[in-house]
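From first to last, the protein sequence lines are chains A and B.
Residue 1 is where the first sequence starts when you use the UniProt record's numbering, and the numbers rise one by one after that.
Residue 1 is where the second sequence starts when you use the UniProt record's numbering, and the numbers rise one by one after that.
Have a look at the structure below, then the notes.
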Amino acid sequence: MPTSPKFSASLGQGGAPTPTAHALADVTASDSTLRRFLHGLPGVDAVGLEARAASLGTRSIKTTAKAYAIDLAISMVDLTTLEGADTPGKVRALGAKAVHPDPTDRTTPTTAAVCVYPDMVAVAKEAVAGSGVKVASVATAFPAGRAALEVKLADVRDAVAAGADEIDMVIDRGAFLAGKYLKVYDEIAAVKAACGDSARLKVIFETGELSTYDNIRRASWLGMLAGADFIKTSTGKVAVNATPANTLLMLEAVRDFRDLAGVQVGVKPAGGIRTTKDAIKFLVLVNETVGEDWLDNHWFRFGASSLLNDLLMQRQKLATGRYSGPDYVTVD
Amino acid sequence: MSDRLSVFKTYKLYVGGKFPRSESGRVYEVTDAKGNWLANAPLSSRKDARDAVVAARKAFGGWSGATAYNRGQVLYRVAEMLEGRKEQFVREVAEAEGLSKAKAAAVVDATIDRWVWYAGWTDKIAQVIGGANPVAGPYFNLSSPEPTGVVAVLAPQESSFLGLVSVVAPVIATGNTAVVIASEKAPLPALSLGEVLATSDVPGGVVNVLSGRTAEIAAPLAAHQDVNAIDLAGADEALAKELEIAAADNLKRVLRPQAVDYFETPGIERMTAFLETKTVWHPTGSLGASGSSY
């Protein structure tokens, strides 16, 4: 089976020093140590990674396992609306859908969260009050991330003050691609500090703009070192969003990070996941790569909007035996 | 000249403007009227039916939104393309139904004429069954026919080509999109018709052709919540009853099987069966000021 080489094993083969938890404490001491560490990460076997992701995508998940997977996937959805045209009414409707995804079947689990722009957090918070559904807010000049640090931090504080349970920040891809890793690190750490204890931080890498798998691996480690609670693939605003391959790569990163540092970090693929079939493929990736510890909406999420409707239609099909249609779910 | 190797044709489904094999990978043997093997046809599964409905739904907006005049031109184009492939269809119909070449040619001619007939109706049906209604109030009251949506069509079992076109053309002429189950015994003319439709400006997904066991494919279509109507022309009495019960769940329009001579000029019943009437009330203009009684 072609798998990408396990992190620690290939580091050993490459002759580079095997990092330990102790070593991790030093890597962020300066720009050069950080660079040395990130560039010392083993290169990604692109062909092996894609083949592994593709082969895991061929699993056939049926009947009771499918029912379990659909309910799990629904409970992992971050129901998202990130449009310039978002109105309070639309956000309220989204909140209502997150709480009762299928009003005709109250056994349907709630989604994990609703994800909105910072100025809509208060509205969303009110809409999901008392349901256990979290409110996530994008921040830090989403989606481009091109703003001064103070502006980004103000954006974050604003969302946290409005009651956001989770903050989805974007990294400064320009700085990352220019090799200014410490700048990116400091920015994530500053945002993490601004989140305080009340909000979990998701760090968006915009994998579609990082161009190589090696960069995605480096960004993942950089984000985790800086204190991310979640690492997230994309904003959903560029051409290439979450793919099975780049999600698999990030799952391997969180697995290796936990082995090394003892800290568990969540993963959130976002954008481009529209069908139940796709979602189940991602769940198989999670189960086969990091195991059941991550098969929970505290550690794995889907950033999506149209995915939920397909999950609900498939759920209705399993329940009734009849194919459902778009007339039986909401139009968003 | 040496003997050529035979080039056999792989008959495939026609779904969403493409020619896929059955998702199940199954095929079944198709024989001529005397039992000689002709070809293997795909044996569709319920998932092929589901995919076809998705394709038909996707195509519905564009096709129903096209002008009636444009739909007429597209259907006429189908007739033109058929004319050019007449020989192939004459052979396929002769083999499928055990007809002489002359008889089969008459069937194909009648079929092409049927396309032309329905092509002419696309922009006339609204005048016949729609119009302005007299009402006792200061309003215009207008009724216009609208297509029902995605229609599942069980093509007639015996008349594999003329019968097929006689049930499919009226469905799409009025702006519906169709998922067609070809005659179980004689699916080849229907599968070849897919090739004609693909080359004649009919947008992909407007007509989707499935071959296989009629009962197996029809059951999920009849129960499908995103199918708006079903034409049971190709169902026997027991199957028709079963499908009609399944279709009741989302109040599908059902056209029951009936004895038809497909050579006769049809009425407009097959078109009106899959049309709905939208009625609009509109206030007349100057009544308030003038006080005129309408």
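Backbone N, C-alpha and C fix where the C-beta goes; we use that ideal spot for every residue, glycine too.
As the structure is a computational prediction, the values presented were derived from the model and not from experiment.
Here A/Ala46 carries a helix assignment [DSSP, helix/strand/coil]. Membership of A/Asn246 in any beta strand (DSSP E) is not indicated; the residue belongs instead to the alpha helix (DSSP H) covering Pro244 to Ala261.
If you draw a straight line from the Cα of A/Tyr213 to the Cα of A/Arg106, it comes to about 42 Å. Fewer than three pairs of CB atoms, one per stretch, sit closer than 8 Å, so the region 13–21 of chain B makes no contact with the region 78–88 of chain B.
Non-local C-beta neighbours of A/Ala175 in its own chain, meaning closer than 6 Å and more than five positions away in sequence, comprise Lys183 and Val184, ordered along the chain. In the DSSP assignment, A/Ile167 falls outside any alpha helix (DSSP H) and lies within the beta strand (DSSP E) extending over Glu166 to Val170. Of the other Cβ atoms in all chains shown, 16 or more fall within 10 Å of the Cβ of B/Val207; this residue is therefore buried. Listed along the chain, the chain B residues whose CB falls inside 7 Å of the CB of A/Asp293 amount to none; the nearest CB is some 34 Å away. Look at B/Arg256: its C-beta is not under 8 Å from any C-beta on chain A. Excluding sequence positions up to five before and after B/Ser200, its CB lies within less than 8 Å of the CB of Val74, Arg77, Val78, Glu80 and Met81, all in the same chain and listed in chain order.
Against B/Pro220, the close residues of chain A are Tyr323, in the order they occur along the chain (beta-carbon pairs closer than 7 Å). If you draw a 10 Å sphere on the C-beta of A/Val290, you find 16 or more other C-beta atoms in it, and that means buried.
Where B/Glu244 is concerned, the enclosing alpha helix (DSSP H) starts and stops at Glu237 to Ala247. When DSSP states are grouped into helix, strand and coil, B/Pro283 belongs to the strand group. Counting along the chain, the unbroken alpha helix (DSSP H) around B/Ile112 starts and ends at Lys101 to Trp121. Per the C-alpha coordinates, the member of B/Arg46, B/Leu5 and B/Asn36 positioned closest to B/Gly25 is B/Arg46. B/Val27 is bridged by DSSP to B/Pro42. Contact between the region 204–223 of chain B and the region 124–140 of chain B is absent: fewer than three C-beta pairs spanning the two stretches fall below 8 Å. Under the three-state reduction of DSSP, A/Asp214 is assigned to helix.
By the criterion of at least three beta-carbon pairs nearer than 8 Å, the region 251–260 of chain A is not in contact with the region 270–279 of chain A. Of all residues in the region 199–228 of chain B, the ones placed with a Cβ closer than 7 Å to any Cβ belonging to chain A are Pro220, Ala223, His224, Gln225 and Asp226, in chain order.
Assignment of alpha helix (DSSP H) within the region 44–84 of chain A, counting only whole runs of 4 or more residues, yields 46–56 and 63–75 in chain order. Per DSSP, the beta-bridge partners of B/Glu276 are B/Glu146. In this structure, the beta-carbon distance from B/Pro257 to B/Ala273 does not fall below 8 Å. Within the region 168–239 of chain A, complete alpha helix (DSSP H) segments of at least 4 residues are found at 173–177, 181–195 and 213–225, given in chain order.
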